[in-house]
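Chemist: This is the structure, below, for whatever I ask next.
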Amino acid sequence: MTKRRLLTVTIGLALALGSGLAGCASGVDTLPPTVAVPTGWANGGTDGAMQADLLPVAATEPSVPAEWWEEFGSRELARLIAEARRNNPDLSASARRIAQGTARARAAGAGLYPTLEGSGGGSRRWPGEGTARNSFQGGLDASYEIDLWGVNRANLDAAETLSLANAFDQAALSLSLDAEVATTYFQYLNLHDRLENAPRIL
Numbered sequence: 014m015t016k017r018r019l020l021t022v023t024i025g026l027a028l029a030l031g032s033g034l035a036g037c038a039s040g041v042d043t044l045p046p047t048v049a050v051p052t053g054w055a056n057g058g059t060d061g062a063m064q065a066d067l068l069p070v071a072a073t074e075p076s077v078p079a080e081w082w083e084e085f086g087s088r089e090l091a092r093l094i095a096e097a098r099r100n101n102p103d104l105s106a107s108a109r110r111i112a113q114g115t116a117r118a119r120a121a122g123a124g125l126y127p128t129l130e131g132s133g134g135g136s137r138r139w140p141g142e143g144t145a146r147n148s149f150q151g152g153l154d155a156s157y158e159i160d161l162w163g164v165n166r167a168n169l170d171a172a173e174t175l176s177l178a179n180a181f182d183q184a185a186l187s188l189s190l191d192a193e194v195a196t197t198y199f200q201y202l203n204l205h206d207r208l209e210n211a212p213r214i215l
């Protein structure tokens, strides 16, 4: 085999290998699949088989307002819920987890962009004629590492997903706390009314 042919085969293998590795960098689609759920059920036929109208799940706006307790028109209830949110340690910890997850996602995404490094300096010399001479120097370096295997993209997706999960955890915790405060408040009002009505009933 001549040197020229050997060089041609080597270049061809290198190009094929590079194309194959570039295809591996596309990453994995981590979006959750769309699940079809029944919107309603109806008895079908004489054998009692169930038939469902299957439609894909669609994201809809919540029908309950975020500050639902204001619908009761009680300032005392609103004050109690605000105080519970302000003093609940679990809610404060979840807010810190969200901030931490956001910072991690920002750090994980830094590897997808070029890195810029700048430098500068200056000097002043007096050559002896009584006048000073100033000189300045500056430099800018740019570097970029190709995400060949999609590791940086996968790390960014994982960090963003974890941050989103922390946000949902905080929302669930806040909703549970609000409900507990409201339930306790209404139980208090109920017991207060019963105490007031007991002497009259007796």
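In terms of our numbering, the sequence shown opens at residue 14 and continues consecutively.
From the three backbone atoms N, C-alpha and C, an ideal C-beta is built for every residue, glycine too.
Being a predicted model, the structure only gives us computed values, none of them experimental.
Can the beta-carbon of Asp160 be found closer than 9 Å to that of Leu125?
Modeler: Their beta carbons are under 9 Å apart, which means Asp160 touches Leu125 by this criterion.
Chemist: State the Cα-Cα distance for the pair Leu177 and Gly152, rounded to the nearest angstrom.
Modeler: Rounded to the nearest angstrom, the two C-alpha atoms are 40 Å apart.
Chemist: With H, G and I counted as helix, E and B as strand and the rest as coil, what does DSSP make of Glu130?
Modeler: Note: Glu130 maps to strand in three-state DSSP.
Chemist: Would you mind reading off the limits of the alpha helix (DSSP H) that contains Gly114?
Modeler: Where Gly114 is concerned, the enclosing alpha helix (DSSP H) stretches over Pro102 to Gly122.
Chemist: Thinking C-alpha only, which one of Ala49, Leu188, Gly122 and Ala95 is nearest Asn158?
Modeler: The residue you asked about is not Asn; residue 158 is Glu in the sequence shown. Looking at the Cα atoms, Gly122 is the closest of the given residues.
Chemist: Have a look at the DSSP bridge pairing and note the partners of Arg137.
Modeler: For Arg137, which the question treats as bridged, DSSP gives the partners Asn147.
Chemist: Could you pull the DSSP bridge partners for Asp154 from this structure?
Modeler: Glu130.
Chemist: Between Arg92 and Leu190, how many whole angstroms is the CB-CB distance? I'm expecting something under 8 Å.
Modeler: Contact flag wrong, Cβ pair sits at about 14 Å.
Chemist: In this structure, does DSSP put Leu245 in helix, strand or coil?
Modeler: Nothing about residue 245 can be read from this structure; the chain reaches only from 14 to 215.
Chemist: Count the other C-beta atoms from every protein chain shown that fall within 10 angstroms of the C-beta of Ala192, then say buried if there are 16 or more, exposed otherwise.
Modeler: Ala192 should be labelled exposed.
Chemist: As a quick exercise: from Pro46, Ala108, Arg117 and Pro127, pick the residue whose alpha carbon is nearest that of Asp154.
Modeler: The candidate whose alpha carbon is nearest that of Asp154 is Pro127.
Chemist: When the distance is taken between beta carbons, is Leu104 closer than 9 Å to Gln183?
Modeler: Yes, the pair counts as a contact, with Cβ atoms nearer than the cut-off.
Chemist: DSSP three-state call for Val194: helix, strand or coil?
Modeler: Three-state result, Val194: helix.
Chemist: Rank Ser136, Ala172, Ile111 and Ala195 by C-alpha distance to the C-alpha of Gly86 and give the top, closest one.
Modeler: Selected option, being the one with the closest Cα: Ala195.
Chemist: Round the Cβ separation of Ser107 and Leu186 to the nearest angstrom and send it over; I've been treating them as touching at under 8 Å.
Modeler: Indeed they touch by this definition, with Cβ atoms about 6 Å apart.
Chemist: What would DSSP say about Asp206, mapped onto helix, strand or coil?
Modeler: Of the three classes helix, strand and coil, the one that applies to Asp206 here is helix, per DSSP.
Chemist: Just to confirm, is the Cβ distance from Arg110 to Asn179 under 9 Å?
Modeler: In this structure, Asn179 lies closer than 9 Å to Arg110 by Cβ.
Chemist: Could you tell me the distance, in whole angstroms, from the CA atom of Asn168 to the CA atom of Arg117?
Modeler: If I take the Cα positions, the gap works out to 10 Å.
Chemist: Please confirm whether Gln150 and Gly131 have their CB atoms less than 9 Å apart.
Modeler: The answer is no: Cβ separation not under 9 Å.
Chemist: Measuring only the C-alpha atoms, how far is Val50 from Leu188?
Modeler: Val50 and Leu188: Cα-Cα distance of roughly 25 Å.
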